[in-house]
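Please read the structure below before turning to the comments.
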Ligand code: BG6
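Numbering (my numbering), first residue to last: 100 to 592.
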């Protein structure tokens, strides 16, 4: 793709310093995202990328690896030369530990560009965040216009997340902190805002008067991959619900902000998080299901159980979770939000379904069931919106009707390249737009609600329901004993 100079925003020249710069996330997501935006002609300014690593990695092997990932993610018509030029922009600097003398080379490099903004991207375990921030501060590398990007997990509990925040805010102010949740960078997730707030049709019916229930599902066919140690400490609740699914829920449930500005949007999301009804010991067995996958078959391939995957046979970590949640406010009185996510499910499939209420009175003589309207917002694998509505079946036989979907395929409707979530988020950091990043009070509210679940699980000793890998998760039979809500329209889509 040729450079287009489509965008006219001003960018302050920047140094992007990626700690954990030779890690998987940096190679797979961060550098390719920058490269794509560079190819789109969005950087009308100069910039440097510095990959910081603690390991003793040679520049040439890093570069080889980087080229491999850039090529994999490049558009078909991208020139090899452009890839090589970009890869040369990424400087590898080894910083063995967090102390001033180890930071000398990094400081010398950054100080060559005194007018540039320094953006520090922490793509390391969160235990390293505090020491890195402290050393950056004592080395004088944090300027007024510097920023820090924090990757999840931001702790494992409210307390540990607060602790990370205390350490980070010794060096950076809230206005400089960008807590990333890549779900917010997905095009279809951003489209939720447009769908809700740019279409009068939906907003008028977006409440408990008209909506019966809302279902948010993120199913993955992948297992824990190479992240056994991390995952076994988190589980599906902390890995997916605490951040991604709650952010989706916020966008669906929040009030319209009066302006599309960072704090206006975040204030509204915060209100939703604070209004989430805590899950108590009394209702946890009824309102949550936790599960763990056993051996199974995915796309014809035999896959291991979770316990075999992590080689830790006593683990009680959940790889599936489903929760019936309520947002206790005026708009959502008694509307259940069914949220669920799991690893090693039958396929990668994410969607938000708004199930509207039945019509108030059926005038049709057959009295055949009238299905509810459904608005389906499919996020993955294909991006599409469907509005399911009752439609008359043509021909004789009186009024016969059937649910038919009006479909909007996002990709077919727009011929543009579909950007990766990280592209949008990194650009927003560079430009200083915090709208799509979590504020500390949001994070705290999310943790408080999550802790109502973890503590209830702990005190009731709730067990995992086992489910076979390659299925839709815990089966009806078991769930029905619990409560049949979980499978409601789970499989009929
Ligand atoms: C990450 C989780 O945040 O999101 C992973 O840590 C998960 O476990 C991933 O696989 C899912 O992201 P996506 O964009 O593939 O749906």
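Even glycine gets a Cβ: it sits at the ideal position worked out from N, Cα and C.
Model, not experiment: these values are computed from the prediction.
Using three-state DSSP, classify residue 194 as helix, strand or coil. coil
Can you list, in chain order, the stretches of the beta strand (DSSP E) that have 3 or more residues and sit fully within the segment 306 to 362? Listed in chain order, they are 310 to 318.
Residue from 379, 282, 463 and 298 whose Cα sits closest to the Cα of residue 338: Among 379, 282, 463 and 298, the Cα nearest to that of residue 338 is on 282.
Residue range of the beta strand (DSSP E) that residue 170 falls in? Run containing residue 170: none in the beta strand (DSSP E); it sits in the alpha helix (DSSP H), 158 to 172.
Report all residues from its chain with a CB closer than 7 Å to the CB of residue 137; omit the five preceding and five following residues, and keep chain order. 185
State the CB to CB distance for the pair residue 280 and residue 342, rounded to an integer number of angstroms; the pair is presumed to be in contact (CB under 8 Å). 5 Å
Would you report the Cα separation of residue 597 and residue 180, rounded to the nearest angstrom? Residue 597 is absent from the model: the chain starts at 100 and stops at 592.
In chain order, what are the residue ranges of uninterrupted beta strand (DSSP E) at least 3 long that sit wholly in the segment 422 to 462? Secondary structure within the segment 422 to 462: the beta strand (DSSP E) runs of 3 or more consecutive residues, fully enclosed, are 435 to 441 and 448 to 455 (chain order).
I want to know whether the segment 299 to 316 touches the segment 424 to 442 - three or more CB-CB distances under 8 Å. A contact exists between the segment 299 to 316 and the segment 424 to 442.
As an exercise, report each continuous beta strand (DSSP E) stretch of at least 3 residues that is fully enclosed by the segment 375 to 421, in chain order. 387 to 393, 395 to 397 and 400 to 402
What are the boundary residues of the beta strand (DSSP E) that residue 278 is part of? 276 to 278
Should residue 317 go down as buried or exposed, given a rule of 16 or more other Cβ atoms within 10 Å for buried? buried
Hey, quick one: how far does the alpha helix (DSSP H) through residue 557 stretch, first residue to last? 539 to 559
Can you tell me whether residue 593 is buried or exposed? The criterion is at least 16 other CB atoms within 10 Å of its CB, across all chains shown. The question about residue 593 has no answer here: the residues shown for the chain are numbered 100 through 592.
Let me know if residue 69 comes out buried or exposed under the rule of 16 or more other beta-carbons within 10 Å of its beta-carbon. As shown, the chain starts at 100 and ends at 592. That puts residue 69 outside it, with no answer to give.
Under the three-state DSSP convention, the category residue 212 falls into: coil
Going by the CB atoms, is the gap between residue 355 and residue 302 shorter than 9 Å? Cβ atoms of residue 302 and residue 355: closer than 9 Å.
Exposed or buried, what is residue 99 when buried is set at 16 or more other beta-carbons lying within 10 Å of its beta-carbon? With the chain covering only 100 through 592, there is no way to say anything about residue 99.
Reduced DSSP category for residue 533 - H, G, I as helix; E, B as strand; rest coil: coil
Give me the residue from 238, 244, 134 and 117 with the minimum Cα distance to residue 531. 244
Do you know how far the Cα of residue 298 is from the Cα of residue 188? 43 Å
Sequence-distant residues of the same chain with beta carbon closer than 8 Å to residue 164, five excluded per side: 121 and 126
CB of residue 151 within 9 Å of CB of residue 218, strictly: no
Distance, residue 300 Cα to residue 271 Cα: 43 Å
Need the endpoints of the beta strand (DSSP E) that residue 152 sits in, please. Annotation for residue 152: the continuous beta strand (DSSP E) segment containing it runs 146 to 152.
Who are the Cβ neighbours of residue 536 in its own chain at under 6 Å, not counting the five residues just before and after it? Same-chain partners within the cutoff: 277 and 278.
Since residue 115 sits in a beta bridge, which residues does DSSP pair it with? 148 and 218
Across the segment 498 to 505 and the segment 478 to 488, are there enough close Cβ pairs to call them in contact, namely three or more that are closer than 8 Å? yes
If you count every other CB in all the chains shown that lies within 10 Å of the CB of residue 328, and 16 or more means buried, which is it? Residue 328 is exposed by the Cβ-count criterion.
Since residue 479 sits in a beta bridge, which residues does DSSP pair it with? 449
Buried versus exposed, by CB contacts within 10 Å (16 or more), residue 560: exposed
Opening and closing residue of the beta strand (DSSP E) in which residue 249 lies: For residue 249, the uninterrupted beta strand (DSSP E) run begins and ends at 246 to 249, by DSSP.
For residue 510, is the classification buried or exposed, using 16 other Cβ atoms within 10 angstroms of its Cβ as the cut-off for buried? exposed
For residue 414 versus residue 555, is the C-beta distance shorter than 9 Å? No, Cβ-Cβ distance for residue 414 and residue 555 is not below 9 Å.
Spatial neighbours of residue 197 within its chain, please: C-beta separation below 6 Å, excluding the five flanking residues on both sides. Excluding five sequence positions before and after residue 197, the CB atoms of its chain that fall closer than 6 Å to its own CB belong to 230, 231 and 234, given in chain order.
Starting from residue 130, trace the alpha helix (DSSP H) both ways and give me its first and last residue. Per DSSP, residue 130 belongs to the alpha helix (DSSP H) from 130 to 138.
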